[in-house]
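S.K.: Please see the structure below; I have some questions.
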Amino acid sequence: MELTTTHQDTLTELINIGYGRAAAALSELTGRRIILEVPKVAVHPINEVSASLSRVLTGEVASVHQVFSGPVSGNALLLLDHKAAVLLNSLLLDVPLDDRLDSDGREAITEVGNIVLNACLGVFGNLLQVQVTFSVPRLHVESVTGVLNSISVRDRELQYALMVHTRFHLRNSDVSGYMVIILGITSFSRLLAELEKWEQREAPK
Amino acid sequence: MGAAGSAEIVATQPEFRVRAIDLCMHDTRRLDRKQLDEAILEWTLSHVPQGIFTTDVDLRITSWNHWLETHSHLGRDKAVGRPLVEIIPTLAERRLDDYFQSALRGETKVVSRALHGYLLPLPSPQPESGFSVMQQSARIAPLMFAGTVCGTITTIEDVTEREWQSARLRVERERAELLSQTLVHLLATHNADAIVPYIFSKVSSHLNLDAYLEYRADIRPLEFRLRASAGLTSEQQQPFWIVTLGEGLCGECLQERQPVITNNISDSSKPLAESLRPFGFRSHVAMPLLIGGRVLGCVAFASRLRDVLPPEDVLFLQACCQYAAVALDRLERESELRAS
Numbered sequence: 001m002e003l004t005t006t007h008q009d010t011l012t013e014l015i016n017i018g019y020g021r022a023a024a025a026l027s028e029l030t031g032r033r034i035i036l037e038v039p040k041v042a043v044h045p046i047n048e049v050s051a052s053l054s055r056v057l058t059g060e061v062a063s064v065h066q067v068f069s070g071p072v073s074g075n076a077l078l079l080l081d082h083k084a085a086v087l088l089n090s091l092l093l094d095v096p097l098d099d100r101l102d103s104d105g106r107e108a109i110t111e112v113g114n115i116v117l118n119a120c121l122g123v124f125g126n127l128l129q130v131q132v133t134f135s136v137p138r139l140h141v142e143s144v145t146g147v148l149n150s151i152s153v154r155d156r157e158l159q160y161a162l163m164v165h166t167r168f169h170l171r172n173s174d175v176s177g178y179m180v181i182i183l184g185i186t187s188f189s190r191l192l193a194e195l196e197k198w199e200q201r202e203a204p205k
Numbered sequence: 206m207g208a209a210g211s212a213e214i215v216a217t218q219p220e221f222r223v224r225a226i227d228l229c230m231h232d233t234r235r236l237d238r239k240q241l242d243e244a245i246l247e248w249t250l251s252h253v254p255q256g257i258f259t260t261d262v263d264l265r266i267t268s269w270n271h272w273l274e275t276h277s278h279l280g281r282d283k284a285v286g287r288p289l290v291e292i293i294p295t296l297a298e299r300r301l302d303d304y305f306q307s308a309l310r311g312e313t314k315v316v317s318r319a320l321h322g323y324l325l326p327l328p329s330p331q332p333e334s335g336f337s338v339m340q341q342s343a344r345i346a347p348l349m350f351a352g353t354v355c356g357t358i359t360t361i362e363d364v365t366e367r368e369w370q371s372a373r374l375r376v377e378r379e380r381a382e383l384l385s386q387t388l389v390h391l392l393a394t395h396n397a398d399a400i401v402p403y404i405f406s407k408v409s410s411h412l413n414l415d416a417y418l419e420y421r422a423d424i425r426p427l428e429f430r431l432r433a434s435a436g437l438t439s440e441q442q443q444p445f446w447i448v449t450l451g452e453g454l455c456g457e458c459l460q461e462r463q464p465v466i467t468n469n470i471s472d473s474s475k476p477l478a479e480s481l482r483p484f485g486f487r488s489h490v491a492m493p494l495l496i497g498g499r500v501l502g503c504v505a506f507a508s509r510l511r512d513v514l515p516p517e518d519v520l521f522l523q524a525c526c527q528y529a530a531v532a533l534d535r536l537e538r539e540s541e542l543r544a545s
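Listed in order, the protein sequences are those of chains L and C.
Heads up: the first sequence begins at 1 in my numbering, then just goes up one per residue.
Heads up: the second sequence begins at 206 in my numbering, then just goes up one per residue.
Here it is, written out as structure tokens:
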């Protein structure tokens with residue numbers, strides 16, 4: 001299954017709406033202007049995601065993971081490599097840059113991931129006009145392969161991953177990461193169908 | 206031991222006896238699903254070491270567990286039915302009302318200690334930690350029934366001790382790094398006059414110290430002369446130029462070869478502490494510079510901000526002064542060797 005250019009544009013626009021909300025919430029929370037950008041959106045079969053992410057996220061990554069359920073269900077993750085996680089933590093909490101992510105830092109990253117994932121999936125929920133509910137977010141620090149394996153093992157029917165290159169801009173610094181939304185074929189097809197309807201509704205008449 | 210044994214154990218505690226008898230009556234029959242759920246809920250509300258409360262869709266409290274009763278001193282009967290905003294008056298001010306509204310829309314929210322400090326303003330279980338309010342990590346989730354959101358459920362974890370220990374570990378790590386940097390510098394230095402000033406420059410901001418006075422042995426016996434200082438004007442330094450063994454705080458330190466700590470100077474009625482008050486000092490410590498049994502001098506550190514220098518800070522300064530003494534001794538020996 002491939003995304004057409006139009007699908008990609010539409011998805012980018014919708015994710016940008018979600019990210020706009022997340023950025024507003026984060027700015028309010030931290031008292032600093034935070035911008036969230038979406039440089040790139042792509043869809044990969046689940047078995048290609050690990051290799052694809054391992055090229056851009058090396059070593060251990062901090063992953064905020066939430067399972068979402070309802071008419072559209074799947075797994076949502078925000079992935080930051082270790083360097084990005086400690087930098088984001090330092091910028092958000094205004095603490096000196098440390099190469100370790102302590103309990104406070106882990107929680108801050110969990111909350112940030114939670115805000116980003118909720119905002120983004122909330123937009124999808126509104127688009128599909130369905131109630132999506134979320135699990136309690138969990139933060140793991142392990143390799144990309146380890147993160148993805150734990151999800152794949154739990155649910156073998158998962159097939160596609162929407163990979164969203166994500167950039168946080170705050171205090172004159174950029175922090176890059178990836179939001180990954182893993183959907184089963186049914187949920188993914190439904191999402192694409194609703195995207196097309198939305199495109200038609202939004203298209204200039 | 207059978208049921209009778211259990212009853213004997215709780216015989217002195219009437220409130221438990223009733224429960225023990227209930228258990229004896231029920232232990233032979235299976236609970237159906239609903240009863241099991243009720244039993245689990247009862248246990249959760251009574252024994253879980255976390256705060257758990259629920260609200261309805263209008264954000265009125267519908268349940269309030271035993272942990273919350275204990276820590277808030279607010280009984281279940283007083284909490285249930287009240288609007289959440291009455292329990293957390295700063296909810297809107299801290300923009301946490303959005304989190305509950307999000308939960309009503311199906312989202313699960315994280316309230317991290319790092320970004321919020323706490324959700325419920327509860328007294329700190331460890332006031333000695335420096336936190337006046339219990340530090341918390343909370344999760345706010347939709348309370349679902351038959352696929353519909355019927356309210357919110359919040360769990361609260363007390364992380365005060367975790368944060369306290371974490372802060373202590375952070376300080377210890379910073380100090381270990383500082384000591385390591387100091388040691389590297391002192392091993393390489395060739396300037397005996399720059400040793401204590403270097404240490405002061407490194408530790409002053411870390412320990413909130415404002416002044417130091419460094420004394421070295423004078424040619425006259427029993428006397429030590431001021432060699433370097435910071436935080437005092439030259440006029441203020443005058444009474445401190447010479448220290449005689451056994452006199453004053455530094456004199457006592459040199460005689461006893463032990464740190465002499467003077468805390469709470471602003472409240473102290475001791476004459477030696479009173480003599481420091483005009484300079485605005487609130488705490489003071491005098492440290493000997495010792496090599497084995499030989500006294501090379503002493504260093505006094507003082508703070509205008511802190512009333513108390515805790516033992517861990519004194520130990521840290523003591524370690525710095527030991528390094529300084531080793532470096533001074535090395536430079537003295539090198540100088541002697543060159544002279545011979």
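Think of the CB as a built atom: it goes at the ideal place given N, C-alpha and C, for glycine as much as any other residue.
(1) Have a look at the DSSP bridge pairing and note the partners of C:Arg430.
(2) Can you name the residues of chain L whose CB is closer than 8 Å to the CB of C:Glu368?
(3) So L:Asn75 is in the beta strand (DSSP E); what residue range does that whole segment cover?
(4) In chain order, what residues of the same chain have a beta carbon less than 6 Å from the beta carbon of C:Leu355, not counting five sequence neighbours either side?
(5) Helix, strand or coil for C:Ile226, going by three-state DSSP, please let me know.
(6) Compare the C-alpha of C:Ser317 against each of L:Ile115, L:Ala108, L:Leu53, L:Asn114 and name the closest.
(7) So what's C:Phe336 in DSSP terms, helix, strand or just coil?
(8) Straight-line CA distance for C:Ser277 to C:Leu296?
(9) Could you spell out the range, first to last residue, of the beta strand (DSSP E) harbouring C:Glu362?
(10) Could you pull the DSSP bridge partners for L:Ser173 from this structure?
(11) By the three-class DSSP mapping on this structure, what secondary structure does C:Ile257 have?
(12) Could you give the distance in angstroms between the alpha-carbon of C:Leu309 and the alpha-carbon of L:Tyr19?
(13) Curious, which full-length beta strand (DSSP E) runs of at least 3 residues does the stretch 243–287 of chain C contain?
(14) Skipping 5 residues on each side, what residues in its chain have a beta carbon closer than 7 Å to that of C:Ile214?
(15) For L:Gly122 and chain C, any beta-carbon pair shorter than 8 Å?
(16) Indicate whether at least one CB of chain L lies closer than 8 Å to the CB of C:Gly335.
(17) Does DSSP classify L:Tyr19 as helix, strand or coil?
(18) Which value, in whole angstroms, describes the spacing of the CA atoms of C:Ile466 and C:Ala491?
(19) At a CB distance below 8 Å, what residues from the stretch 13–33 of chain L approach chain C? Give them in sequence order.
(20) The stretch 313–331 of chain C: which residues have C-beta closer than 9 Å to a C-beta of chain L, in chain order?
(21) Roughly how many angstroms separate the alpha carbons of C:Phe350 and L:Leu170, rounded to a whole number?
(22) Drop a sphere of 10 angstroms on the beta-carbon of C:Arg538, count the other beta-carbons inside from all chains shown, and report buried for 16 or more, exposed for fewer.
(23) Given that a residue counts as buried once 16 or more other Cβ atoms are within 10 Å of its Cβ, and exposed if not, what is L:Gly122?
(24) Between L:Ser78 and L:Ser63, which are expected to be in contact by the criterion C-beta below 8 Å, what is the C-beta distance as a whole number of angstroms?
(25) C:Gln331 and C:Ile361 look like a contact to me (Cβ under 8 Å); what is the Cβ gap, rounded to whole Å?
(26) Leaving out five residues before and five after C:Thr449 in sequence, what residues of the same chain have Cβ atoms less than 7 Å from its Cβ?
(27) Evaluate C:Pro328 with the Cβ neighbour count: other Cβ atoms within 10 Å of its Cβ, from every protein chain shown; 16 or more gives buried, anything less gives exposed.
(28) Would you say the stretch 481–499 of chain C touches the stretch 524–531 of chain C, given that touching needs at least three Cβ pairs under 8 Å?
(29) Does the Cβ-Cβ distance between L:Val180 and L:Ala193 come in under 8 Å?
(30) Would you list the one or two residues that DSSP bridges to L:His165?
(31) With respect to the beta strand (DSSP E) encompassing C:Lys314, which residues constitute its N-terminal and C-terminal limits?
(32) What is the DSSP secondary structure of C:Leu536, counted as helix, strand or coil?
(33) If L:Ser143 sits next to L:Val61, beta carbons under 8 Å apart, how far is it from one beta carbon to the other, in whole angstroms?
(34) Out of C:Pro288, C:Arg300, C:Gln306, point me to the one whose CA is closest to L:Ser27's CA.
(35) Please work out which residues of its chain come closer than 7 Å, Cβ to Cβ, to L:Pro45, disregarding the five sequence neighbours upstream and downstream, and give them in chain order.
M.R.: Let me lay it out:
(1) Taking the second sequence and counting its residues from 1, one reaches residue 430 of chain C at position 225. Residue pairing by DSSP puts C:Arg430 in a beta bridge opposite C:Arg421, C:Ile447.
(2) Within the second sequence, the letter at position 163 stands for residue 368 of chain C. Under the 8 Å cutoff, chain L gives Ser103, Asp104.
(3) One-based indexing of the first sequence puts residue 75 of chain L at position 75. Where L:Asn75 is concerned, the enclosing beta strand (DSSP E) starts and stops at 74–81.
(4) Residue 355 of chain C sits at position 150 when you count from the first residue of the second sequence. Note on residue identity: the sequence assigns Cys, not Leu, to residue 355 of chain C. For C:Cys355, where only same-chain residues beyond five positions count, the Cβ hits under 6 Å are Leu348.
(5) Taking the second sequence and counting its residues from 1, the one referred to as residue 226 of chain C is at position 21. With a pLDDT of only 49 at C:Ile226, under 50, the local geometry of the prediction cannot be trusted, and the value read off the model is given with reservation. Of the three classes helix, strand and coil, the one that applies to C:Ile226 here is helix, per DSSP.
(6) Indexing the second sequence from 1 puts residue 317 of chain C at position 112. Nearest option by C-alpha distance: L:Ala108.
(7) As a first step, residue 336 of chain C is located in the second sequence; it is residue number 131 there, counting from the start. It is coil, neither helix nor strand.
(8) For the purposes of this step, residue 277 of chain C is taken as the residue at position 72 of the second sequence. For the purposes of this step, residue 296 of chain C is taken as the residue at position 91 of the second sequence. Those two C-alpha atoms are separated by around 16 Å.
(9) Your numbering for residue 362 of chain C matches position 157 in the second sequence. Per DSSP, the continuous beta strand (DSSP E) segment holding C:Glu362 begins and ends at 353–363.
(10) If you number the first sequence from 1, residue 173 of chain L lands on position 173. L:Ser173 pairs with L:Leu170.
(11) One-based indexing of the second sequence puts residue 257 of chain C at position 52. Strand, per DSSP.
(12) Against the second sequence, residue 309 of chain C aligns to sequence position 104. Against the first sequence, residue 19 of chain L aligns to sequence position 19. If I take the Cα positions, the gap works out to 21 Å.
(13) Correct list: 256–260, 266–269.
(14) Translated into positions along the second sequence, residue 214 of chain C becomes position 9. Its pLDDT being 40, under 50, C:Ile214 is placed unreliably by the model, and nothing is read from it.
(15) If you number the first sequence from 1, residue 122 of chain L lands on position 122. Yes - at least one Cβ of chain C is within 8 Å of the one on L:Gly122.
(16) Against the second sequence, residue 335 of chain C aligns to sequence position 130. Under the Cβ distance rule, C:Gly335 does not count among the residues neighbouring chain L, no pair being separated by less than 8 Å.
(17) The count along the first sequence starts at 1 and reaches residue 19 of chain L at position 19. Under the three-state reduction of DSSP output, L:Tyr19 falls in the helix class.
(18) The residue given as residue 466 of chain C occupies position 261 in the second sequence. The residue given as residue 491 of chain C occupies position 286 in the second sequence. For C:Ile466 and C:Ala491, the gap between their C-alpha atoms comes out near 7 Å.
(19) Against chain C - using a Cβ distance shorter than 8 Å - the residues of the stretch 13–33 of chain L are Ala25, Glu28, Leu29, Thr30.
(20) So the close ones are Thr313, Lys314, Val315, Val316, Ser317, Arg318, Ala319, Leu320, His321.
(21) Within the second sequence, residue 350 of chain C is the residue found at index 145, counting from 1. Within the first sequence, residue 170 of chain L is the residue found at index 170, counting from 1. Distance between the alpha carbons of C:Phe350 and L:Leu170: 40 Å.
(22) Here residue 538 of chain C corresponds to residue number 333 of the second sequence, with the count starting at 1. C:Arg538 is exposed by the Cβ-count criterion.
(23) To locate residue 122 of chain L, count along the first sequence from 1; it is residue 122. So L:Gly122 counts as buried.
(24) The sequence position of residue 78 of chain L within the first sequence is 78, counting from 1. The sequence position of residue 63 of chain L within the first sequence is 63, counting from 1. Note on identity: in this sequence residue 78 of chain L is Leu, with Ser being the wrong assignment. Contact between L:Leu78 and L:Ser63 is confirmed by a C-beta separation of about 7 Å, below the 8 Å threshold.
(25) Position 126 of the second sequence, counting from 1, holds the residue named residue 331 of chain C. Position 156 of the second sequence, counting from 1, holds the residue named residue 361 of chain C. Rounded to whole angstroms, the Cβ separation of C:Gln331 and C:Ile361 is 16 Å, and the two are not in contact under 8 Å.
(26) The count along the second sequence starts at 1 and reaches residue 449 of chain C at position 244. A distance below 7 Å between beta-carbons, with the five flanking residues on each side excluded, links C:Thr449 to the following residues of its chain, in chain order: Leu427, Glu428, Gly456.
(27) Taking the second sequence and counting its residues from 1, the one referred to as residue 328 of chain C is at position 123. With fewer than 16 other Cβ atoms within 10 Å, it is exposed.
(28) Between the stretch 481–499 of chain C and the stretch 524–531 of chain C there are three or more C-beta pairs closer than 8 Å, enough to call the two in contact.
(29) The residue given as residue 180 of chain L occupies position 180 in the first sequence. The residue given as residue 193 of chain L occupies position 193 in the first sequence. No. Outside cutoff.
(30) Reading the first sequence from its first residue, position 165 is the one you call residue 165 of chain L. BP columns for L:His165 point to L:Lys40, L:Tyr178.
(31) Taking the second sequence and counting its residues from 1, the one referred to as residue 314 of chain C is at position 109. It spans 314–316 - the beta strand (DSSP E) in which C:Lys314 sits, taken as one unbroken run.
(32) In the second sequence, the residue the question calls residue 536 of chain C occupies position 331. DSSP, read as helix, strand or coil, puts C:Leu536 in helix.
(33) Against the first sequence, residue 143 of chain L aligns to sequence position 143. Against the first sequence, residue 61 of chain L aligns to sequence position 61. Between L:Ser143 and L:Val61 a beta carbon distance of about 7 Å is seen, short of the 8 Å cut, so the two are scored as contacting.
(34) Here the question's residue 27 of chain L lines up with position 27 in the first sequence. The shortest C-alpha separation from L:Ser27 is found at C:Arg300.
(35) Locating residue 45 of chain L in the first sequence gives position 45, counting from the first residue. Cβ neighbours of L:Pro45 within its own chain (closer than 7 Å, five residues either side excluded): Gln159, Tyr160.
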